[in-house]
Amino acid sequence: MPKKQKKLQKKSHTPRFLGQHLLHNKFWIQTIIRRANLTRNEHVIEIGPGLGALTLPLAKQVTKVTAVELDHKFIEKLSKKICNIPNINLIHKDFLQFMLPRYPFTVVSSIPYGITTPILRKLLQHPSLTKAVFVLEKGAGKRITAKNTTNPEILCWRMQFQLSLKETIHAHHFSPPPSVESAILIVKRRKESLIPIHQARIFFALASYGLASPNLPIHLAFRGIFTSRQFTHLLRSIHTTRDQAIRTLNEYQWAIIFQTMIQYVDAHRWPKLKRHKKV
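Just remember that our numbering sits 3 ahead of the position in the sequence shown, which is counted from 1.
What follows is the structure, encoded as structure tokens:
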């Protein structure tokens with residue numbers, strides 16, 4: 004192992020309960036920034052900046068970087084590094100408690116693996132997020148970007164964002180090295196959402212209802228919602244057969260199913276969202 008890497012690992016103050024692994028390879032840091040395709044006037048938020056390996060290069064690209072860090076040891080070290088860099092705003096806070104801006108923003112971050120889903124949930128439900136580049140656990144990235152999903156929450160994200168998994172980053176580029184491979188996830192808001200944003204909760208209820216038994220054929224999965232005539236119309240609209248498994252539907256077919264329900268089905272027949280579910 005190179006001496007430099009040993010030194011980084013020895014000095015690490017990573018809060019391991021969050022699964023935070025600090026990326027220190029300059030090639031991959033520049034690759035992440037290039038993938039973000041930043042313009043000068045963007046406001047970039049970074050989650051868990053650590054020692055600033057990504058924060059400092061980001062500040063050279065945009066007019067404002069907000070770095071949200073929970074670990075006070077990293078706050079102390081990074082504060083000294085950025086004292087003469089006015090466009091970096093370092094905030095000592097749990098990102099999950101951080102108030103996101105109401106105006107458009109971008110996220111570029113190597114996110115703590117232990118709280119990947121809560122972070123994505125917070126960001127991808129927010130109307131002001133325009134795009135993001137994440138470094139995350141590769142397995143999670145593959146589940147999020149798989150051709151078909153049986154997860155209603157991921158399906159909701161896809162209705163508003165285009166999600167694509169890019170390069171794999173090996174463990175030795177991090178300190179401490181994770182036990183899994185990492186990858187770059189690109190998130191871009193669709194120019195036109197496949198569903199109205201204000202109806203996202205209704206869509207989530209529909210997706211949860213339909214995907215409760217993902218191997219069911221469509222005609223059984225939706226029999227409690229659509230009448231026979233409505234369902235015949237629906238099949239023609241999504242260009243499929245009644246026996247297609249619901250787990251094989253794509254986002255565009257789901258969009259048509261949703262709009263058909265909104266337009267033709269009485270509201271009392273719509274699936275209801277359980278109170279503890281959030282989207």
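Backbone N, C-alpha and C fix where the C-beta goes; we use that ideal spot for every residue, glycine too.
On the three-state DSSP scale, how would you describe residue i?
i	result
Pro283	Residue 283 lies beyond the range of the chain shown here (4 to 282); nothing can be said about it.
Ile187	strand
His27	coil
His279	Interpretation of His279 is limited by its pLDDT of 47, a score under 50 that renders its predicted location unreliable; no figure is taken from the coordinates.
Glu170	strand
Leu132	strand
Met264	helix
Arg245	coil
Gln165	strand
Arg192	strand
Phe137	strand
Phe101	coil
Gln256	helix
Thr152	coil
Ser216	coil
Report the rounded CA-to-CA distance for residue i versus residue j, giving the unit in angstroms.
i	j	result
Thr134	Asn40	The sequence as given places Lys at residue 134; Thr does not occur at that position. One C-alpha to the other measures close to 10 Å.
Gly227	Gln128	28 Å
Val47	Ala62	9 Å
Asp246	His24	46 Å
Asn151	Leu139	20 Å
Pro43	Leu81	Correcting the residue type first, residue 43 is Arg in the shown sequence and not Pro. Taking the straight line from one Cα to the other gives about 23 Å.
His222	Phe234	8 Å
Ser182	Ala143	14 Å
Pro107	Ser231	44 Å
Gly53	Arg146	27 Å
Ser216	Leu132	32 Å
Ile198	Thr109	22 Å
Lys208	Pro274	Strictly speaking, residue 208 in this sequence is Ala, with Lys absent from that position. Going by the C-alpha atoms only, they are around 6 Å apart.
Phe77	Asn28	18 Å
Lys7	Thr58	Caution is warranted here: a pLDDT of 41 is assigned to Lys7, below 50, making its placement in the model unreliable, and no coordinate value can be reported.
Lys36	Thr263	Contrary to the premise, residue 36 reads as Ile rather than Lys in this sequence. Those two C-alpha atoms are separated by around 41 Å.
Ala149	Thr244	23 Å
On the DSSP letters alone, give me the boundaries of the alpha helix (DSSP H) that residue i sits inside.
i	result
Ile221	221-224
Ile147	141-148
Lys83	75-84
Thr230	First-last for Thr230: undefined, no H or E at that position.
Throw me the rounded Cβ distance for the residue i and residue j pair, which I believe falls under 8 Å.
i	j	result
Ile172	Ser112	Not quite, the Cβ-Cβ distance comes to about 14 Å (not below 8 Å), so this is no contact.
Ile189	Val136	6 Å
Lys96	Val68	Contact flag wrong, Cβ pair sits at about 15 Å.
Pro60	Ile32	6 Å
Ile200	Pro130	6 Å
Could you check where the beta strand (DSSP E) with residue i kicks off and where it finishes?
i	result
Ile48	46-50
Glu72	67-72
Leu93	91-95
Ser112	108-113
Would residue i and residue j qualify as a contact pair, given that the criterion is a beta-carbon distance under 9 Å?
i	j	result
Leu166	Ile187	no
Leu219	Phe229	no
Leu26	Phe261	no
Leu214	Asn253	no
Trp257	Leu123	no
Leu126	Leu93	no
Phe164	Arg192	yes
Lys141	Glu79	no
Ile259	Ser240	yes
Thr66	Glu170	no
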